[in-house]
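To keep things clear, I will list the structure first and then write my remarks on it.
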Amino acid sequence: MKNCFYVLAFAVAGFAGSALAAEQEAVKPLQAIAFELADDNLRQFGVALDAANLAERVRNNLAEWQFPLSANGPFSHRLQARLGKVARRETPVGFSFSSGNSDPRAVDFQKADVLPVTCSLRDAENQAVLIERESTFSAHALDKDVLPARIVDKLVDQIGTACLDVLEHAPLPKQPGRVRTELFKPKWMPDVRVEVREIPAAAGAGSSAQPAAIGDEPKKEVIIHNQGNPVIFQFGHERK
1 MKNCFYVLAF AVAGFAGSAL AAEQEAVKPL QAIAFELADD NLRQFGVALD
51 AANLAERVRN NLAEWQFPLS ANGPFSHRLQ ARLGKVARRE TPVGFSFSSG
101 NSDPRAVDFQ KADVLPVTCS LRDAENQAVL IERESTFSAH ALDKDVLPAR
151 IVDKLVDQIG TACLDVLEHA PLPKQPGRVR TELFKPKWMP DVRVEVREIP
201 AAAGAGSSAQ PAAIGDEPKK EVIIHNQGNP VIFQFGHERK
């Protein structure tokens, strides 16, 4: 009989996938963004899903984060999302609770059924890809025994989460402090959001008269915004 165990896993490296930065020196700002959802793999959940309805709900949620998502053109950019097939892969970013083989050498060690969502941002004029990233999410809430309305709600959250990550990492001019949610009040919150902040060195540190103490060096703060209270990690000489 196989031993089973429960894993509480987290990742702070950001969403899985690759980012393609534009080679253009001057990139036009985001003015009006069209959101499009491909109908790929929408039938795998065993319920009838309306791609247009999903896209409208995701667009409205992203607009709450003060990105210029619009239902009508002309558009400066296109934000395009595509669902992959649910597969057995590494646990997704954030906190996950799963069961599996306790042997770390087993092929299913710390694996879970996950849904990959790819989101890309393109220039609407020349179709150049400015950034493309793949995010993975737990597929537990998408099982066929889950109510259809709940599956729709979960997909809206997961697609929106993946595309919000793309918008926040897009190589485009941004309003200072735009991602600081204390400056605005979105009703919709993503499934998980990883934020990295630079904590400046103490005032006066590093002067020529006296070397900076180790504790005065710049630090990084990584915040995992889950649905609920955020989890904060600080990285410096203290290694918290």
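In terms of the UniProt record's numbering, the sequence shown has 190 at position 190, counting the first letter as 1, and numbering is strictly consecutive. No residue lacks a Cβ here, since even glycine has one placed at the ideal position from N, Cα and C.
May I have the straight-line CA-CA distance separating residue i from residue j, to the nearest angstrom?
i           : j    : result
L8          : K111 : Confidence at L8 is low in this model, with a pLDDT of 35, below 50, so its placement is unreliable and the value that follows should be read with caution. The alpha-carbon atoms of L8 and K111 are separated by roughly 12 Å.
W188        : W65  : 9 Å
D143        : P29  : 40 Å
R78         : I131 : 11 Å
N60         : K154 : 15 Å
L42         : N126 : 28 Å
residue 241 : E56  : Beyond the ends of the chain as shown, which are 1 and 240, falls residue 241; an answer cannot be given.
D40         : R88  : 19 Å
L141        : D157 : For the record, residue 141 in the displayed sequence is Ala; it is not Leu. Looking at the two C-alpha atoms, the distance is approximately 11 Å.
F137        : F45  : 14 Å
residue 248 : K220 : The displayed coordinates of the chain run from 1 to 240. Any statement about residue 248 would go beyond what the structure contains.
A128        : Q31  : 16 Å
E90         : P186 : 30 Å
Do the CB positions of residue i and residue j come within less than 7 Å of each other?
i    : j    : result
P68  : I33  : yes
A139 : S76  : no
V58  : I159 : yes
T161 : D113 : no
P148 : E134 : no
C119 : A81  : yes
L37  : L54  : yes
Give me the Cβ distance between residue i and residue j, rounded to the nearest whole Å; I'm assuming they're in contact under 8 Å.
i    : j    : result
L62  : L164 : 6 Å
A51  : L121 : With a Cβ gap of about 19 Å, A51 and L121 do not count as contacting.
I199 : V47  : That pair is no contact at about 46 Å.
L167 : V27  : Incorrect: roughly 14 Å between the Cβ atoms, too far for contact.
Run through DSSP, which three-state label would residue i get?
i           : result
Q127        : coil
residue 243 : The structure shown does not extend to residue 243, since the chain is modelled only from 1 to 240, so the question has no answer here.
D153        : helix
D40         : coil
A34         : strand
K220        : strand
L147        : coil
V114        : strand
A170        : coil
A139        : coil
Unbroken stretches of the alpha helix (DSSP H), 4 residues or longer, contained in the stretch 45-75 | 51-63
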